[in-house]
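Here is the structure we will look at, set down as structure tokens.
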Amino acid sequence: MSINDARTIYMRKPVNQALNKIWEYPLTVVEAPMGYGKTTAVKEYLKRSRAEVLWQTLLDESATVFWKRLSRLFRKFDPAAADSLAGVGVPSNSVFLEEAIRIVEGIKFPARTVIVFDDYHLVSSQDVDQFVEFLVKSEIPNLHIVIVSRSVFGENTSELVLKGYCWVINKSYFVLSREEIVEYCRLCGVKLNPEEVEFLVSYTEGWISAVYLCLLGFLQDGRIEHQVSLYELIEKVVYRRVSAEAREFLLNICIFDNFTLEQAEYMWRKDNVETLLRQLAANNAFIRYEQATRTYYIHNIFSSYLRRIFDRQGLDRKQAVWSMAGEWHVSVGDCIHALDYFFKADDFEDLLTAIEIDRGNGIWSEHKEKLIRYFHDCPMDIKRGHLQACLIYAINLFSFNEMELFAQQCEEIGRYIEVMPGEKEQEKDQLAGELELLCSFAKYNHIAGMSEHIQRADSLMKGPSEFMDRNSSWTFGSPSVMYMFYRESGHLEQEVLDLNVAITQYCRLTAGHGSGADSMMQAERYYHIGDFENAEIAAHKALYIARSQEQTAIELCALFLQLRLAVVKGDAVYMMSSLQQTREGIKQQKLYLYLHTWDMCEGFIYSYLNQEKKVPAWIVNGDLQDRSIYFPSYAFFNIVWGKVLLIDGQYLKLIGLAERFIDIASIFPNLLGQVYTYIFEAAAKFKLRRHEDARITLKKALDIAAPDQVMMPFVENGEYIVDMLTELENSGHYPELIGKIREILPSIEKNRETMSAKFSSGDSKLPLTEREWTIAELVATGLPNRAIGQTLHIAEVTVKKALQNIYVKLGVSSRTALAKIMIEHKTG
1 MSINDARTIY MRKPVNQALN KIWEYPLTVV EAPMGYGKTT AVKEYLKRSR AEVLWQTLLD
61 ESATVFWKRL SRLFRKFDPA AADSLAGVGV PSNSVFLEEA IRIVEGIKFP ARTVIVFDDY
121 HLVSSQDVDQ FVEFLVKSEI PNLHIVIVSR SVFGENTSEL VLKGYCWVIN KSYFVLSREE
181 IVEYCRLCGV KLNPEEVEFL VSYTEGWISA VYLCLLGFLQ DGRIEHQVSL YELIEKVVYR
241 RVSAEAREFL LNICIFDNFT LEQAEYMWRK DNVETLLRQL AANNAFIRYE QATRTYYIHN
301 IFSSYLRRIF DRQGLDRKQA VWSMAGEWHV SVGDCIHALD YFFKADDFED LLTAIEIDRG
361 NGIWSEHKEK LIRYFHDCPM DIKRGHLQAC LIYAINLFSF NEMELFAQQC EEIGRYIEVM
421 PGEKEQEKDQ LAGELELLCS FAKYNHIAGM SEHIQRADSL MKGPSEFMDR NSSWTFGSPS
481 VMYMFYRESG HLEQEVLDLN VAITQYCRLT AGHGSGADSM MQAERYYHIG DFENAEIAAH
541 KALYIARSQE QTAIELCALF LQLRLAVVKG DAVYMMSSLQ QTREGIKQQK LYLYLHTWDM
601 CEGFIYSYLN QEKKVPAWIV NGDLQDRSIY FPSYAFFNIV WGKVLLIDGQ YLKLIGLAER
661 FIDIASIFPN LLGQVYTYIF EAAAKFKLRR HEDARITLKK ALDIAAPDQV MMPFVENGEY
721 IVDMLTELEN SGHYPELIGK IREILPSIEK NRETMSAKFS SGDSKLPLTE REWTIAELVA
781 TGLPNRAIGQ TLHIAEVTVK KALQNIYVKL GVSSRTALAK IMIEHKTG
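Put into structure tokens, the structure is as follows:
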């Protein structure tokens, strides 16, 4: 009897019946422990379904790797959407989540398309869980998701099941009954006597992998093995049955969950790999080959056994295998996995070389702890020979906001550079210049201090920096250069001049990074002192320079200032078009990092116009998106949030948070953050009839602003503070500044009110039919299409068609956006 007979695929009828429901739900979760045949069952069922199947087998816990591979899956249907999704990255906050859902909703899927996430338990990411959950709730036409996992999906599966979004197939569907075990054996050509059946039932407890191994042993020896453990059974009927060479090969390759032929050849370094793999795959079901992906897979049960054997090998053998694995990942451009294997191998020389080859492009925030550990454990003499890797590490520490470690790393690099041999003088100067440039960031916000480092870097470096990313946000996500660098009362004009000198050298060293920042700060100073004509001239100059050098951060600063000038002029038409066009431009260019920056711009403008319902929800909720906004921009976020609290009448909360806002704005410091906070706090106190306390607080804002004649923060909030300003002026406090504020306030306030009325007039009525209105309301409550259909006694397809009409009428593309409009309209 052929040993291959045991490879018969057996599908329980209850499993088939359960899988038939995939097409009735947006999400199906197949959950059972290892070896119960989950993957095989789903794969075999979908083969016969004639569905369009997108299959993704997860390899490790990396959410970034998951996202890259998911994005590639969508290229089959919409390459542009796939690129956009990759550009968004793992949606770590509500802004990116909404954008990712919008992108997927824009893809036209063929009838009965299913995405399968196999071994989903490996990723263990709340961000990914939330994305899948929101995707499911969006009920995208023709799209179904199947999760194959050893554990329960996410935290809200029960809610998804209750609302009709999710169907769960658990372990109970996969456990073989006595009759099914007998039938499986018969299909494999094996007829057991009653005693053997009893043993199989009690020993395997219906676990098909254990039944398979027992049958394999029976086909080899003519009897059922009574091994103590599953691993002993694997050793007897699988591992010992292959050649010694094949066993050695398996130990070299078992560290991978799956692999290509090229990968296996790299790890084995002999010319018989294809023959070995063909023999192994033919003789047992634990190694299979997927023709579509040209990939070999080792079943989890077998790989777990092999790794136990591998763990008992000598350290030299294991380190050699790990080093080869690291070299393979470097050769295919996979830096992070290469670092993991080199670290296991204690091979720090190749680890740092891999970082230098990658130039840090593969390192993300989720890798922070790993990276810190690698450099902490790396011997000093090896780091001394890899100063480029050390510089890349230091740059990442700064982006991780690990400022103490950043400072320590800069000092360490400095010591290494000092002891470089004399024959490397040119390289030494270049590295010393790179370090000086890097150290300038440690003096962030202090232009003179930054300039000292930049000047020293300029004297040392013979060309542009090799490590500074000119495409990174020069403003750290802030939409205002003056906010960043206005740090000393009475010195604003000098700070503008200082930046003008420093930026010239800095741009030369960084291939134009931050170009236009000096003109931008000049424009903002003009605006804040009420010189609107020169402000507009300088803003146009900054915008031209920034666009010519592709400096998006500075470009957005200029566009933001132009919006503020539009309020001064009462130009509602320009404002409406600019708000929309800029957001669409960010998306079209896939510059998703800047969505948060533009959200803050919109939040500032809409709150200025008392349109709090148009302010992005994450700002209204004070949900600081700390994984997308760098710490230097926190105080600007608080400016926008503080104004939202003020116009929403949350006076007590605003007063309670004011001290914290001031603390954050005092770190660098950011004087504009302090000025706005004192204004908001004073306005809140005045509303609560704490008049004297309010005047004292407002005077703190004037104390900071008056020496530089900064007036616009007061003008922008004039409706709340004009009476207090008059009282302070009458008491002899800052008559010149307050006089100027009161002089320009009436015309600007009139324009603001007119623009606010225009924005409000478009929101009075939604152009929906009665049926569409009812469906939209039910969507806002979180009901899926099926439940809406049942509630209204109409077909689910009718609900889907109505939703498409609603989306077109309201200019939205997702259930999330629709729900937001409905909630705003009901509370408006």
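Sequential numbering of the sequence shown, starting at 1, is according to UniProt numbering.
In this text, a Cβ means the ideal position worked out from N, Cα and C, and glycines have one as well.
The model shown is predicted, which means the values in this text are computed figures rather than measured ones.
Setting aside the 5 residues that flank it on each side, residue 453 is surrounded in the same chain by 436, 439 and 440, each with a C-beta closer than 6 Å to its C-beta; the list follows chain order. Ranked by Cα distance from residue 188, the options 668, 382, 10 and 623 are led by 10. Within the model, the alpha-carbon separation for residue 254 versus residue 298 is close to 8 Å. Using a 10 angstroms sphere on the CB of residue 797, the tally of other CB atoms stays under 16, which defines it as exposed. In this structure, residue 461 lies near residue 433, with their beta-carbon atoms less than 8 Å apart. Closest in alpha carbon position to residue 531, among 568, 116 and 820, is 568. Under the three-pair Cβ rule at 8 Å, the stretch 510-518 counts as touching the stretch 545-565. In the DSSP assignment, residue 52 forms a beta bridge with 113. For residue 757, the closest C-alpha among the options 573, 598 and 651 is that of 573.
Closest in alpha carbon position to residue 202, among 175, 216, 474 and 221, is 175.
Measuring C-alpha to C-alpha distances from residue 131 to each of 184, 70 and 181 identifies 70 as the nearest. With a minimum length of 4 residues, the unbroken runs of alpha helix (DSSP H) contained wholly in the stretch 390-471 fall at 403-418, 425-440 and 447-460. Look at residue 118 here: in three-state DSSP terms it is strand. If you ignore the 5 residues before and after residue 592, its C-beta comes within less than 6 Å of the C-beta of 87 and 88, all in its own chain and listed in chain order.
With respect to the C-alpha of residue 256, the residue from 566, 786, 58 and 692 having the closest C-alpha is 58.
Between the alpha carbons of residue 289 and residue 824 lies a distance of about 53 Å.
For the pair residue 670 and residue 526, the CB atoms are not nearer than the 8 Å cut-off. Per the C-alpha coordinates, the member of 639, 711 and 275 positioned closest to residue 620 is 639.
Straight across, the Cα-Cα distance linking residue 129 with residue 99 is about 16 Å.
Inter-residue distance for residue 321 and residue 301 is about 21 Å (C-alpha atoms, whole angstroms). Per the C-alpha coordinates, the member of 282, 713, 747 and 719 positioned closest to residue 737 is 713. Look at the stretch 222-273 and you find these whole runs of alpha helix (DSSP H), each 4 residues long or longer: 230-237, 244-253 and 261-268. Counting only residues of its own chain and dropping the five nearest sequence neighbours on each side, residue 485 has a CB closer than 8 Å to the CB of 445, 447, 495, 499 and 521. The beta carbon of residue 610 is closer than 8 Å to those of 647 and 756 in its chain, skipping five residues each way along the sequence. Judged by beta-carbon spacing, residue 608 lies beyond the 8 Å limit of residue 615, meaning their Cβ atoms are not closer than that value. In this structure, 210 is the residue among 23, 210 and 396 with its C-alpha nearest to the C-alpha of residue 233. Where residue 288 is concerned, the enclosing beta strand (DSSP E) starts and stops at 287-290.
DSSP places residue 578 in the helix class (H, G or I) of the three-state scheme.
Non-local C-beta neighbours of residue 23 in its own chain, meaning closer than 7 Å and more than five positions away in sequence, comprise 112 and 144, ordered along the chain. Under the three-state reduction of DSSP, residue 609 is assigned to coil, being neither helix nor strand. The C-alpha of residue 85 is placed about 16 Å away from the C-alpha of residue 138. Within a 10 Å sphere around the beta-carbon of residue 717 sit 16 or more other beta-carbons, which makes this residue buried. Beta-bridge annotation (DSSP): residue 166 is paired with 27. Collapsing the DSSP output to three states places residue 363 in coil. Beta-bridge pairing by DSSP links residue 149 to 31. By the 16-neighbour rule on beta-carbons within 10 angstroms, residue 376 is exposed.
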